[in-house]
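So the sequence lines, in the order shown, correspond to chains A and B.
Per the working numbering, residue 1 is the first one in the first sequence, and the count goes up by one each step.
Per the working numbering, residue 1001 is the first one in the second sequence, and the count goes up by one each step.
All residues carry an ideal CB built from backbone N, CA and C; glycine is no exception.
All values reported here derive from a predicted model rather than from experimental measurement.
The structure appears right after this line, and notes come after that.
Number of protein chains: 2
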Amino acid sequence: MDRILSCEAGRSIGEPVRLSGWIHNIRSVGKVHFLILRDRGGLIQAVIDAGEVPEIDVARLGKEYVVDVEGVVAEEPRAPGGAEVRIRALRVLAEAEEPPLEINRPHVLRRTRVDSLLDHRPISLRAPEIRAIFRIQSALIRGFAEHLRSEGFTEIKTPKIVATGTEGGANLFEIRYFERKAFLAQSPQFYKQMMVGSGLERVFEIGPVFRAEKHETSRHINEYVSMDLEMGFIRDEHDVMDMQVGAIRRMIECVAETCGRELALLGLGVPAVVDIPRIPFSEAMDILRREGAYASGNDIDPEGERALCRWSARERGSEFLHVFGYPIAQRPMYTLFREDDPSVSRSFDLLFRGLEVTTGSQRIHRYDLLVERIRAHGYDPADFEYYLQAFRHGMPPHGGLAIGLERFTAQLLRIPNVKLATLFPRDRHRLTP
Amino acid sequence: MDRILSCEAGRSIGEPVRLSGWIHNIRSVGKVHFLILRDRGGLIQAVIDAGEVPEIDVARLGKEYVVDVEGVVAEEPRAPGGAEVRIRALRVLAEAEEPPLEINRPHVLRRTRVDSLLDHRPISLRAPEIRAIFRIQSALIRGFAEHLRSEGFTEIKTPKIVATGTEGGANLFEIRYFERKAFLAQSPQFYKQMMVGSGLERVFEIGPVFRAEKHETSRHINEYVSMDLEMGFIRDEHDVMDMQVGAIRRMIECVAETCGRELALLGLGVPAVVDIPRIPFSEAMDILRREGAYASGNDIDPEGERALCRWSARERGSEFLHVFGYPIAQRPMYTLFREDDPSVSRSFDLLFRGLEVTTGSQRIHRYDLLVERIRAHGYDPADFEYYLQAFRHGMPPHGGLAIGLERFTAQLLRIPNVKLATLFPRDRHRLTP
């Protein structure tokens, strides 16, 4: 008999079925034993009546044993899902030691220390609500890719071992590459721009990036998944923001369409992405002053990001907010600026529920200007030979952005620490599992 | 006016349009100038009649200039695509130096030295037939992901910075990770198995892997994209091979459906994937002997792979061939073997047009047996603490495989060197661009 999933049992009332999974819990009432079986579809109650199937040695079973059962589905309004399985036969596929975490209790995510969840990652992920985070993350990846493919983008895979950094060498992890030194890519920035110039015009990449930053916060990890896009023949940075709105809308639709069960487990809905308001940096500063938050300098601090998002939710009905036109001073050397005011960059950030989740901009596409800016940042254009090759031979106006997958996931699911939205996070002290 | 792509012009005969792209070539006949314009949609002829638009300074233009043109589409049977654009206005978006490669000549791929194509990668990718390779590669990624999602798989992203290798430490690139040593992941093997055990059951990952191998062949690169899948609750390795057949069929369908223009440029069709024949290793050895090839030992050498594929094409009508049941001696420690003959592993390879493109197997899922095999391979189980955690607490029967994306692309497109199926390859000597 072919296996069915727990979530499919309700369609087979009265029929014989086969299910496989882990024993999430066992409870006995006299000679009747209630197993909660866990599989990728969810949980289901499976009943062993020792009077009917005395050959099953229930005493031998334990939590997390992997079993294969055959039985008949019965309606049972008191059971989760409204159906249970009356077991006729049971086979142990793998034995198991008692798990180090109580993954079968509700609210494991909130009740367990972050380090404990991460130290026992292969086990903590078995908790249905923790696993749900990564089902949703998978749907976010899918939505990002689907939207961009529908807009004519090509998915690219660029190298993670590089000879130099995109920003001159700070915060790079160093590798021994045969007889040479090399580094881990901080960003596919140069490569994705080169690919726009190669004539693919519109490219995206979903891949790891590496930052040797000594941060120890709930917002930072040293290896994360960057969802990058870069597009040519734009009018200005607003074309890139438009593309981002479409991508985020599709990402959230994907979650809503395919992860209903997971959202229910987490007790969450999805935010509306009708339209994302856009305000210039100067207006953001005015708002911060009016809201009584710190507003000075060339950037917005974490408290300012929270204040702006509160303002956006209240005044514009949006949990997302685009801020554009940041001062050029804090932006990378490849960022384009306004012709009428070179102190204003053509960059933008996307804030979501109080945190920056995206940074993007229109880039410089003129060779001469790029060389000038590289020099102005104190670098030697000779160190950017390959990057500059694309510009020397004709580069269209272009721009792009990068979304941090784990950070976006955490904000969407209201998870207070980005590490919990990462399967196996890497931080200053954590290199395992 | 909104921009259209060159491939869309045929639908707008007699209408005004706007196009943007690179000047692929220029040819002048008296006062009439024929520009070949290149955009992500392909090539189109655009005509400047100096008698009609004397204000356009054609002498100023050159190959690879990025331009924006407005004009009217006219039927022109002699032009590629059957239509051309009569230019009314032209704006230069970016100037360009003459490119170092003649990317506008046919057969650039075959006529240019590999090193020259790679040294000038941002430029060589502009040749339509070279760009086509990566449009097709993008479709392969999509097909792999689409098929697996439709089969209930979750896309995962696992760390590339790891504390130890999957195979005890050979061929690992070393990183300085803050105050410690770390390594680049050779494979997501342990992580994907742990994720099966976490209850996701079916997972896939498309990401970089790193091998510090000193090979210098046309089949090897030191960083490549591995398309991995791992699935739980299988009967045996044939379930994994079945999943692979479905994935490959969808990958090739995706190419056929979305890359007709690219295949035409390369002068190629796609192979039929009706069914992939499966033969045991012992039969493969018999065939090799009959075919007069080398057949001895625990593995099949490159010449043997070619001979088997010739046999498969001739006798079974398939360019793909699954060989299973390799001797356990040459397989990794986590490979399961037959109960009735422990010298025969439950592993398989997929050969395609004379080359191995996939390796997979059913894995050991019993904790005790895995510990025993780790010891038998001379390793210390304590070094595999996190991996073993998943098994100690209940792991279902499972198996999986990995397809090398670049190698698969090269075989599909009959490209003789895998480096040419890689955007920016990394080998023993090449770390740039």
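Nearer than 7 Å: is that true of the beta carbon of I1206/B relative to any heavy atom of the ligand FMN? Looking for the ligand FMN in the displayed structure turns up nothing, as the structure carries no ligands at all.
Using CA coordinates, which residue listed in R1027/B, V1162/B, D1068/B is at the minimum distance from M1001/B? The residue given as residue 1001/B occupies position 1 in the second sequence. For the residues R1027/B, V1162/B, D1068/B, the minimum Cα distance to M1001/B belongs to D1068/B.
Along the beta strand (DSSP E) that carries L1103/B, what are the first and last residues, could you check? Working through the second sequence from its first residue, we reach residue 1103/B at position 103. Checking the displayed sequence, the identity of residue 1103/B turns out to be Ile instead of Leu. Run containing I1103/B: none; DSSP gives neither H nor E here.
Helix, strand or coil: how does DSSP classify M1251/B here? One-based indexing of the second sequence puts residue 1251/B at position 251. Per DSSP, reduced to three states, the secondary structure at M1251/B is helical.
Comparing C-alpha positions only, which one of E1064/B, V1053/B, S1028/B, D1057/B sits nearest to S1020/B? Taking the first residue of the second sequence as position 1, residue 1020/B is located at position 20. Checked all of E1064/B, V1053/B, S1028/B, D1057/B; the closest Cα to S1020/B is E1064/B.
Contacting residues, own chain, Cβ-Cβ under 6 Å from R1003/B (five flanking each side not counted): Locating residue 1003/B in the second sequence gives position 3, where the first residue counts as 1. For R1003/B, where only same-chain residues beyond five positions count, the Cβ hits under 6 Å are R1018, S1020.
For S318/A, which option in R373/A, M285/A, V270/A, F178/A has the closest C-alpha, if you only look at C-alpha atoms? Counted from its first residue, the first sequence places residue 318/A at position 318. The shortest C-alpha separation from S318/A is found at V270/A.
Under 8 Å between the Cβ atoms of L1140/B and T1422/B? In the second sequence, the residue the question calls residue 1140/B occupies position 140. In the second sequence, the residue the question calls residue 1422/B occupies position 422. The answer is no: Cβ separation not under 8 Å.
So, is L1101/B buried or exposed, given that buried needs 16 or more other C-beta atoms within 10 angstroms? Counted from its first residue, the second sequence places residue 1101/B at position 101. Burial call: buried.
Using a cut-off of 8 Å between C-beta atoms, extract the partners of A1390/B located in chain A. If you number the second sequence from 1, residue 1390/B lands on position 390. Result: P122, I123.
Unbroken beta strand (DSSP E) runs of length 3 or more, entirely within the segment 309-364 of chain A: which are they? Runs of the beta strand (DSSP E) spanning 3 or more residues and lying entirely within the segment 309-364 of chain A occur at 320-324, 347-352, 355-363, in chain order.
How many angstroms separate the CA atom of P106/A from the CA atom of R1430/B? In the first sequence, the residue the question calls residue 106/A occupies position 106. In the second sequence, the residue the question calls residue 1430/B occupies position 430. Going by the C-alpha atoms only, they are around 52 Å apart.
With respect to the beta strand (DSSP E) encompassing H1147/B, which residues constitute its N-terminal and C-terminal limits? Sequence index remark: in the second sequence, residue 1147/B carries index 147 (1-based). Membership of H1147/B in any beta strand (DSSP E) is not indicated; the residue belongs instead to the alpha helix (DSSP H) covering 1128-1150.
Any C-beta of chain A within less than 8 Å: which residues of the segment 1163-1194 of chain B qualify? The segment 1163-1194 of chain B vs chain A, Cβ under 8 Å: A1163, F1173, E1174, I1175, R1176, Y1177, F1178, R1180, A1182, L1184, Y1191, M1194.
Have a look at K160/A, G325/A, V273/A, R111/A and flag the residue whose alpha-carbon is nearest the alpha-carbon of D341/A. By one-based count along the first sequence, residue 341/A stands at place 341. Closest by alpha carbon: G325/A.
Could you list the residues in the segment 1373-1400 of chain B with a C-beta less than 7 Å from some C-beta on chain A, going in chain order? Within the segment 1373-1400 of chain B, the residues whose Cβ lies closer than 7 Å to any Cβ of chain A are, in chain order, Y1386, Q1389, A1390, R1392, H1393, G1394, M1395, P1396, P1397.
Hey, is D1039/B's beta-carbon within less than 8 Å of any beta-carbon in chain A? For the purposes of this step, residue 1039/B is taken as residue 39 along the second sequence, with counting starting at 1. Taking CB atoms only, D1039/B has a neighbour in chain A less than 8 Å away.
Quick check: the Cα distance between L5/A and R1149/B, rounded to an integer number of angstroms? Residue mapping note: residue 5/A aligns to position 5 of the first sequence, counting from 1. Residue mapping note: residue 1149/B aligns to position 149 of the second sequence, counting from 1. Straight across, the Cα-Cα distance linking L5/A with R1149/B is about 16 Å.
In or out: K160/A buried (at least 16 other Cβ within 10 Å) or exposed? Residue 160/A sits at position 160 when you count from the first residue of the first sequence. Around the CB of K160/A, 16 or more other CB atoms lie within 10 Å, so the residue is classed as buried.
Figure out for me which residue from V273/A, Y334/A, L336/A, P188/A has the closest Cα to the Cα of H322/A. Within the first sequence, residue 322/A is the residue found at index 322, counting from 1. Comparing Cα positions, the closest option is V273/A.
Using only CA atoms, which one of P80/A, I156/A, F173/A, A402/A lies nearest to T358/A? By one-based count along the first sequence, residue 358/A stands at place 358. Looking at the Cα atoms, A402/A is the closest of the given residues.
State the beta-bridge partners of R1202/B as determined by DSSP. Along the second sequence, one-based indexing puts residue 1202/B at 202. Among the bridge pairs identified by DSSP, R1202/B is matched with M1231/B.
Member of I1130/B, Y1191/B, E1201/B, V1255/B whose CA lies at the smallest distance from the CA of T1154/B: The count along the second sequence starts at 1 and reaches residue 1154/B at position 154. It is E1201/B.
Output yes if chain B places a C-beta closer than 8 Å to the C-beta of H22/A; else output no. Within the first sequence, numbered from 1, the residue matching residue 22/A stands at position 22. What sits at residue 22/A in the sequence shown is Trp, not His. Answer yes: the Cβ-Cβ gap between W22/A and chain B drops below 8 Å somewhere.
In three-state terms, what does DSSP make of Y1379/B? Mapped onto the second sequence, residue 1379/B falls at position 379. The answer is coil: DSSP assigns Y1379/B none of H, G, I, E or B.
Residue range of the unbroken alpha helix (DSSP H) whose run includes K1419/B: Stepping through the second sequence from its first residue, residue 1419/B is reached at position 419. Counting along the chain, K1419/B falls outside any alpha helix (DSSP H), and DSSP gives it neither H nor E.
R1142/B at chain A interface by Cβ criterion, 8 Å: As a first step, residue 1142/B is located in the second sequence; it is residue number 142 there, counting from the start. Yes, because at least one Cβ of chain A sits closer than 8 Å to the Cβ of R1142/B.
Say whether chain A places a C-beta atom closer than 8 Å to the C-beta of Y1326/B. On the second sequence, residue 1326/B is found 326 positions in, with the first residue counted as 1. Taking Cβ atoms only, chain A never reaches closer than 8 Å to Y1326/B, which makes this a no.
Please compile the residues from chain B whose C-beta is within a distance smaller than 9 Å of the C-beta of R363/A. Mapped onto the first sequence, residue 363/A falls at position 363. In chain order: nothing, as chain B lies at least about 12 Å away.
Residue burial classification, K31/A (beta-carbon count within 10 angstroms, cutoff 16): If you number the first sequence from 1, residue 31/A lands on position 31. K31/A comes out exposed.
Can you list, in chain order, the stretches of the alpha helix (DSSP H) that have 4 or more residues and sit fully within the segment 253-285 of chain A? DSSP runs (the alpha helix (DSSP H)) wholly in the segment 253-285 of chain A: 260-266.
Is the Cβ of E1066/B closer than 8 Å to any Cβ of chain A? Your numbering for residue 1066/B matches position 66 in the second sequence. First, the residue type needs correcting, since residue 1066/B is Val and not Glu in the sequence shown. Yes, V1066/B lies at the interface with chain A (some Cβ there is under 8 Å from its Cβ).
By Cβ distance below 6 Å, which residues in the same chain neighbour L1350/B in space, the five residues on each side in sequence not counted? Working through the second sequence from its first residue, we reach residue 1350/B at position 350. Around L1350/B: H1322, V1357, T1358.
Closer than 8 Å by C-beta to P128/A: which residues in its own chain qualify, once you throw out the five before and the five after it? Chain order, please. Working through the first sequence from its first residue, we reach residue 128/A at position 128. Excluding the 5 residues flanking it on each side, P128/A has same chain C-beta neighbours closer than 8 Å at R38, G42, L43, L265, in chain order.
Same chain, Cβ closer than 8 Å to R1091/B, five either side skipped, listed in chain order: Walking along the second sequence from the start, residue 1091/B turns up at place 91. Closer than 8 Å at the Cβ level, and outside the excluded window around R1091/B, lie V1067, D1068, V1069.
Let's see if you can read the secondary structure: which residues bound the alpha helix (DSSP H) around K1181/B? Position 181 of the second sequence, counted from the first residue, corresponds to residue 1181/B. K1181/B -> not in any alpha helix (DSSP H); beta strand (DSSP E) instead, spanning 1180-1184.
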